[in-house]
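Single-structure report; data block below.
Number of protein chains: 2
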Amino acid sequence: MDNQVMQNFLYKRYLSTPNRLAFHYDGKDYTFSDVYHESYKIAGHLAAKGIKESQFVGVLLKNNLETVYILFALQLLDARTVILNNRLTSKEILWQLRDSKASYLITERAFDKVYTEVKYELSEIQVVLKEAIDQEAYIEPAIVKEIHLDNVCTVMYTSGTTGHPKGVKQSYGNHLWSAVGSSLNLGINDRDAWLCTVPLFHISGFSILMRGLIYGMKVVLIDPFDARTIIEMIHKQNVTIMSSVSTMLRKLLDELGEARLPTTFRGILLGGGPASQALLEDSIAHNIPIYQTYGMTETASQIATLSPEDSLQRVGSAGKPLFPSQLKIINESGHEAEPNASGEILVKGPNVTSGYLGRDHETAEKLNNGWLSTGDIGYLDEDGFLYVLDRRSDLIISGGENIYPAEVEGIVAAHHAVADAGVVGMKDSTWGEVPVAFVVIKKNHDVSHDELESFCNEKLAKYKVPKRFFIVEKIPRNASKKILRRELRKMIQM
Amino acid sequence: MDNQVMQNFLYKRYLSTPNRLAFHYDGKDYTFSDVYHESYKIAGHLAAKGIKESQFVGVLLKNNLETVYILFALQLLDARTVILNNRLTSKEILWQLRDSKASYLITERAFDKVYTEVKYELSEIQVVLKEAIDQEAYIEPAIVKEIHLDNVCTVMYTSGTTGHPKGVKQSYGNHLWSAVGSSLNLGINDRDAWLCTVPLFHISGFSILMRGLIYGMKVVLIDPFDARTIIEMIHKQNVTIMSSVSTMLRKLLDELGEARLPTTFRGILLGGGPASQALLEDSIAHNIPIYQTYGMTETASQIATLSPEDSLQRVGSAGKPLFPSQLKIINESGHEAEPNASGEILVKGPNVTSGYLGRDHETAEKLNNGWLSTGDIGYLDEDGFLYVLDRRSDLIISGGENIYPAEVEGIVAAHHAVADAGVVGMKDSTWGEVPVAFVVIKKNHDVSHDELESFCNEKLAKYKVPKRFFIVEKIPRNASKKILRRELRKMIQM
Chain A
1 MDNQVMQNFL YKRYLSTPNR LAFHYDGKDY TFSDVYHESY KIAGHLAAKG IKESQFVGVL
61 LKNNLETVYI LFALQLLDAR TVILNNRLTS KEILWQLRDS KASYLITERA FDKVYTEVKY
121 ELSEIQVVLK EAIDQEAYIE PAIVKEIHLD NVCTVMYTSG TTGHPKGVKQ SYGNHLWSAV
181 GSSLNLGIND RDAWLCTVPL FHISGFSILM RGLIYGMKVV LIDPFDARTI IEMIHKQNVT
241 IMSSVSTMLR KLLDELGEAR LPTTFRGILL GGGPASQALL EDSIAHNIPI YQTYGMTETA
301 SQIATLSPED SLQRVGSAGK PLFPSQLKII NESGHEAEPN ASGEILVKGP NVTSGYLGRD
361 HETAEKLNNG WLSTGDIGYL DEDGFLYVLD RRSDLIISGG ENIYPAEVEG IVAAHHAVAD
421 AGVVGMKDST WGEVPVAFVV IKKNHDVSHD ELESFCNEKL AKYKVPKRFF IVEKIPRNAS
481 KKILRRELRK MIQM
Chain B
495 MDNQVMQNFL YKRYLSTPNR LAFHYDGKDY TFSDVYHESY KIAGHLAAKG IKESQFVGVL
555 LKNNLETVYI LFALQLLDAR TVILNNRLTS KEILWQLRDS KASYLITERA FDKVYTEVKY
615 ELSEIQVVLK EAIDQEAYIE PAIVKEIHLD NVCTVMYTSG TTGHPKGVKQ SYGNHLWSAV
675 GSSLNLGIND RDAWLCTVPL FHISGFSILM RGLIYGMKVV LIDPFDARTI IEMIHKQNVT
735 IMSSVSTMLR KLLDELGEAR LPTTFRGILL GGGPASQALL EDSIAHNIPI YQTYGMTETA
795 SQIATLSPED SLQRVGSAGK PLFPSQLKII NESGHEAEPN ASGEILVKGP NVTSGYLGRD
855 HETAEKLNNG WLSTGDIGYL DEDGFLYVLD RRSDLIISGG ENIYPAEVEG IVAAHHAVAD
915 AGVVGMKDST WGEVPVAFVV IKKNHDVSHD ELESFCNEKL AKYKVPKRFF IVEKIPRNAS
975 KKILRRELRK MIQM
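As they're listed, the protein sequences go chains A and B.
My numbering puts the first sequence at residues 1 to 494.
My numbering puts the second sequence at residues 495 to 988.
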């Protein structure tokens with residue numbers, strides 16, 4: 001007997017606690033019953049369009065409650081949702097839609113440039129406009145009330161070190177175990193409310209929606225990020241926990257000044273890369289417990305998180321692997337590293353992806369006997385606490401967004417005047433890091449900073465475009481021609 | 495990739511929170527590190543005896559911390575533990591050991607009559623005496639650090655309506671999902687402490703041990719049950735929750751009198767069959783939230799439980815199925831019953847057993863497409879709340895112990911002077927119910943009450959022995975010769 005079958009999470013929550021609050025958004029409260037009925041209605045419109053079980057459906061949407069209904073409607077239909085980062089260029093979106101073989105794209109007027117291009121270049125894809133959904137035809141939807149935990153719920157693209165974006169398959173089980181692992185670490189109670197001001201197209205935001213369903217917990221959805229609004233909402237909506245990245249936390253502490261959050265506020269789940277000691281200490285000075293966390297798209301959010309009891313004693317650590325999960329450090333000779341010795345971080349558990357969509361080769365390269373090679377560097381101290389040194393060695397994290405240097409280098413080097421290019425992150429007081437490029441110009445060619453920038457703007461999401469272009473004679477490379485990015489980083493530290 | 499693999503729960507908890515308190519027992523505190531090391535040591539002694547992965551090992555032990563170490567040691571070795579009810583007669587124990595094909599029996603001096611018989615009658619079984627374990631040989635145990643969630647962790651026997659005890663297979667996954675389902679309903683926090691004064695050989699007690707490991711929670715272990723001690727421990731040990739059956743709760747409330755439990759006490763998980771309205775109202779008057787629950791050996795404890803928010807509004811209901819699980823009512827024509835119409839309760843979920851040990855036929859009879867027919871009768875109200883009317887239709891619950899009339903009838907009818915017998919439960923102010931027998935005497939035979947009682951005492955655990963024997967002319971039976979127990983029940987109500 002296969003016992004990996006459960007009821008659709010939203011449907012189950014509607015049956016269990018219909019009258020509990022599910023969301024606070026834009027001044028209004030919504031119960032699980034409200035959310036179920038709205039999502040059900042949208043599922044009816046999407047079903048009328050032909051969307052059904054197992055189909056891949058791209059979504060390119062803003063961060064609001066209507067988007068949540070669409071995401072949940074797709075779950076009610078057991079479709080596979082390809083969640084597109086809404087800061088990408090239309091070229092990047094088109095690439096991901098093609099790669100995932102999506103049959104539909106659900107988007108909205110704000111992305112008119114993208115959907116015009118999709119209609120033009122990918123005529124096989126049906127485009128559904130969010131604003132028009134409820135004026136479309138409606139049929140009673142065939143809700144998939146039972147889902148298999150191995151079914152793909154969502155696909156999110158991540159670039160990895162090679163520069164080719166890969167679609168990470170996230171199953172219902174991945175999301176469920178991630179939520180369960182978090183609850184076994186941070187605890188849960190029926191007065192919890194989680195503030196979400198991180199993007200829903202990231203696993204950081206999407207996982208809050210899933211926790212809301214699984215815990216039966218109120219999610220306070222705020223977009224855009226605004227420190228003053230957030231502090232006000234923490235008070236008024238009795239928020240107990242929020243997810244944040246360093247940039248946001250800094251702004252929050254600055255806005256807070258001498259004020260304090262209410263004692264019912266339990267703490268901040270801080271992800272998106274290592275945080276500075278100064279920031280962590282400032283949080284402690286504000287009496288805000290920080291649960292530093294380590295996770296990624298491939299682990300359906302957290303896989304290691306500092307526990308409440310250690311949040312003051314182990315400042316700077318991302319804690320221990322959550323109850324369902326495992327983590328180890330492998331040194332350069334391929335063996336498990338000694339305590340305090342750094343190496344690559346490998347992770348395993350039921351929240352870890354089964355692989356990359358349509359990429360068996362890359363999957364086999366990264367996943368071995370359930371262990372995923374993250375490419376990140378870190379160490380475990382003698383008590384087993386994780387310290388992350390470098391995210392994916394060369395990854396640049398800018399305001400919580402991941403930027404893969406290889407992807408940006410590929411674009412810069414495609415300019416006809418460029419012979420070679422190298423990209424690294426430069427410290428930035430607002431964003432944490434910003435990408436900067438080192439460029440070798442071809443003989444007898446010339447190119448301005450502005451021209452390179454506008455060339456990149458066409459092809460890359462704004463946050464990925466290098467903020468500076470340094471002209472150099474040569475990009476330092478090792479014997480196998482791999483860029484020595486640490487050498488480049490040295491040049492900007494001087 | 496198979497993602498149903500996790501670390502051994504005790505080992506994981508030792509790695510995660512070694513310094514947290516795991517148990518309070520007999521005036522002393524024990525951390526997870528203490529418990530791991532003690533269990534590891536015992537695993538070494540058991541390994542030296544030859545106990546290893548996948549073997550079936552019977553345990554017949556008292557309710558104390560040393561027993562917990564043995565149960566956990568067997569998990570470290572990934573052996574299958576056949577947990578024997580320590581109130582059974584040696585005949586019953588022998589039967590279960592034979593049926594489970596156990597290779598070992600771990601027991602203690604208190605059960606000398608049983609182990610003498612086992613040694614005599616089941617010479618293929620090695621008997622290990624608890625008191626002698628640490629004087630036995632020791633080898634460094636090969637701890638099974640990763641277990642598959644489908645592996646059988648424990649086997650507990652239950653008699654069912656047919657009277658033949660069947661070994662219920664409980665996997666690691668069953669126990670894990672049961673604990674997770676409970677936490678998603680009742681909440682968890684790092685100040686929780688669960689008081690256990692119910693038997694560890696029952697799923698009610700054993701599941702508390704598993705929750706302790708999975709949540710990283712302190713278990714306050716008390717044996718024997720004593721109302722005054724329990725109230726004292728709730729105060730001194732900051733107990734937040736306890737499991738109880740009606741009999742215990744009645745004694746607790748009587749002992750409490752005008753006094754109140756501390757406000758940190760969250761509530762009582764009340765299982766073991768329907769509770770009287772008077773008892774529930776008295777609990778409310780004492781400001782004690784009651785989470786009525788429905789569950790059984792086959793569901794690794796709770797499958798439906800009243801939530802904290804409903805504990806006052808839905809008095810008498812066992813709540814809704816927990817997040818991972820489902821429940822439905824089937825009427826006599828085999829269809830799902832309307833709200834408020836009663837029928838047989840069917841359950842499904844990852845906490846439901848995969849079946850009965852070595853009994854594919856009975857398993858196939860009871861399990862259909864993941865749905866287990868419980869034999870219990872109940873209904874769901876219009877909001878989906880479960881009301882249990884009758885446990886396994888004819889089941890007698892006496893002080894939290896299940897008694898199956900068919901089993902007792904089989905014994906009584908085996909007496910040479912008895913022609914026919916029927917057994918039902920009679921209300922009892924101390925035990926809730928006690929079994930009573932109706933007996934038809936063979937022509938030209940005679941038998942006294944005392945003789946029937948001592949005949950039963952030889953073959954049945956004391957709590958199963960009928961407290962009264964009524965001589966009747968005929969046992970009422972229906973056309974297919976099934977005993978009409980409701981007719982018998984009418985006779986004792988008059």
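C-beta: ideal position from N, C-alpha, C; glycine also.
Worksheet item: Since LEU866 (chain B) is in the beta strand (DSSP E), which residue starts that stretch and which ends it?
Response: 865-874
Item to complete: Under 8 Å Cβ to Cβ from ILE725 (chain B), same chain only, skipping five residues before and after it: list those, please.
Response: LEU746, GLU749, LEU750, ALA753 and LEU755
Discussion item. The beta strand (DSSP E) that contains TRP194 (chain A), what's its start and end?
Written reply: 193-196
Fill in: chain A within 8 Å of PHE550 (chain B), Cβ atoms only
no
Discussion item. Under 8 Å: do the segment 49-69 of chain A and the segment 106-113 of chain A share three or more Cβ pairs, one atom per stretch?
Written reply: yes
Worksheet item: Is the shortest distance between the beta-carbon of GLY864 (chain B) and the beta-carbons of chain A less than 8 Å?
Response: Taking 8 Å as the CB threshold, GLY864 (chain B) lines the interface with chain A.
Worksheet item: In chain A, which residues lie less than 8 Å from ILE708 (chain B) when you measure between Cβ atoms?
Response: Going along chain A in sequence order, the residues near ILE708 (chain B) (Cβ under 8 Å) are LEU184 and PHE323.
Discussion item. Using CA atoms only, rank isn't needed, just tell me which of A:LEU88, A:GLU124, A:GLN302 and A:LEU129 is closest to GLU66 (chain A).
Written reply: The shortest Cα separation from GLU66 (chain A) among A:LEU88, A:GLU124, A:GLN302 and A:LEU129 belongs to A:LEU129.
Discussion item. With three or more beta-carbon pairs closer than 8 Å as the criterion, would you say the segment 184-195 of chain A touches the segment 140-154 of chain A?
Written reply: no
Worksheet item: Between the beta-carbon of LYS639 (chain B) and the beta-carbon of PHE323 (chain A), is there less than 8 Å?
Response: no
Discussion item. Quick check on MET500 (chain B) - is its C-beta less than 8 Å from some C-beta in chain A?
Written reply: Among the CB atoms of chain A, one or more fall inside 8 Å of the CB of MET500 (chain B).
Fill in: Which listed residue (B:THR723, B:ILE890, B:LYS730 and B:PHE879) has its alpha carbon closest to that of ASP523 (chain B)
B:LYS730
Worksheet item: With a Cβ-Cβ cutoff of 8 Å, do ILE51 (chain A) and LEU77 (chain A) count as a contact?
Response: yes
Fill in: Reduced DSSP category for ASP34 (chain A) - H, G, I as helix; E, B as strand; rest coil
Residue state for ASP34 (chain A) is assigned as helix, using DSSP reduced to three classes.
Discussion item. So for ASN185 (chain A), helix, strand or coil by DSSP?
Written reply: DSSP, read as helix, strand or coil, puts ASN185 (chain A) in helix.
Practice prompt. Would you kindly report the start and end of the unbroken beta strand (DSSP E) that includes THR787 (chain B)?
Written response: 784-790
Item to complete: Just confirm the distance between the C-beta atoms of THR787 (chain B) and GLY810 (chain B), as a whole number of angstroms; I'd bet it's less than 8 Å.
Response: Wrong, their Cβ atoms sit about 13 Å apart, outside the cutoff.
Worksheet entry | Spatial neighbours of MET210 (chain A) in its chain, beta-carbon cut-off 6 Å, leaving aside the 5 residues before and after | For MET210 (chain A), same chain residues with a beta-carbon under 6 Å away, outside a window of 5 residues either side, are HIS175 and ALA179 in chain order.
Item to complete: Check THR363 (chain A) in the structure and name its three-state DSSP category.
Response: helix
Worksheet item: For the segment 297-327 of chain A, which residues have a beta carbon sitting closer than 7 Å to at least one beta carbon of chain C?
Response: Of the protein chains in this structure, namely A and B, none is chain C.
Worksheet item: Could you give the distance in angstroms between the alpha-carbon of PHE470 (chain A) and the alpha-carbon of TYR404 (chain A)?
Response: Approximately 18 Å, taken between the alpha carbons.
Item to complete: In the DSSP assignment, find the unbroken alpha helix (DSSP H) run with TYR614 (chain B) in it and report its ends.
Response: 606-615
Item to complete: Give me the Cα-Cα distance between ALA413 (chain A) and ARG477 (chain A), rounded to the nearest whole angstrom.
Response: 15 Å
Item to complete: Counting only runs of 3+ residues fully inside the segment 888-975 of chain B, write out the beta strand (DSSP E) ranges in chain order.
Response: 890-892, 895-897, 912-922, 926-935 and 962-965
Discussion item. In the DSSP output, what is ALA304 (chain A) paired with across the bridge?
Written reply: A:TYR294 and A:PRO321
Worksheet entry | Length of the line joining the Cα atoms of SER307 (chain A) and ILE188 (chain A) | 13 Å
Discussion item. Taking 6 Å as the limit between beta carbons, can you name the residues of its chain near ARG507 (chain A), skipping five residues before and five after?
Written reply: Residue 507 (chain A) lies beyond the stretch modelled for chain A, which goes from 1 to 494, so this question has no answer here.
Practice prompt. Identify each residue in the segment 502-520 of chain B for which the Cβ-Cβ distance to at least one residue of chain A is less than 7 Å, and report them in chain order.
Written response: LYS506, LEU509 and SER510
Discussion item. Under 7 Å, CB to CB, which of the residues in the segment 684-696 of chain B have a partner in chain A?
Written reply: ASP684
Worksheet item: Taking buried to mean at least 16 other C-beta atoms within 10 Å of its own C-beta, is ALA278 (chain A) buried or exposed?
Response: By the 16-neighbour rule on beta-carbons within 10 angstroms, ALA278 (chain A) is exposed.
Practice prompt. Closer than 7 Å by C-beta to ASP940 (chain B): which residues in its own chain qualify, once you throw out the five before and the five after it? Chain order, please.
Written response: Excluding sequence neighbours, ASP940 (chain B) sits near ALA911.
Worksheet item: Whose C-alpha, out of A:MET233, A:THR263, A:SER276 and A:ASP223, is nearest the C-alpha of LEU249 (chain A)?
Response: A:SER276
Discussion item. I need the DSSP call for MET495 (chain B), collapsed to helix, strand or coil.
Written reply: With a pLDDT of 48 at MET495 (chain B), under the threshold of 50, the predicted position of this residue should be treated as unreliable, though the coordinate-derived value follows. Coil, per DSSP.
Practice prompt. List the residues of chain B whose Cβ lies closer than 9 Å to the Cβ of LEU188 (chain A), in chain order.
Written response: Here the sequence assigns Ile to residue 188 (chain A), which means Leu is not the residue at that position. Here the neighbours are SER677, LEU678, GLY681, ILE682 and ASN683.
Worksheet item: Which one of B:PRO693, B:GLY843, B:GLU981 and B:SER805 has the shortest CA to CA distance from LYS822 (chain B)?
Response: B:GLY843
Worksheet entry | CB contact flag (ILE208 (chain A), SER243 (chain A), <8 Å) | yes
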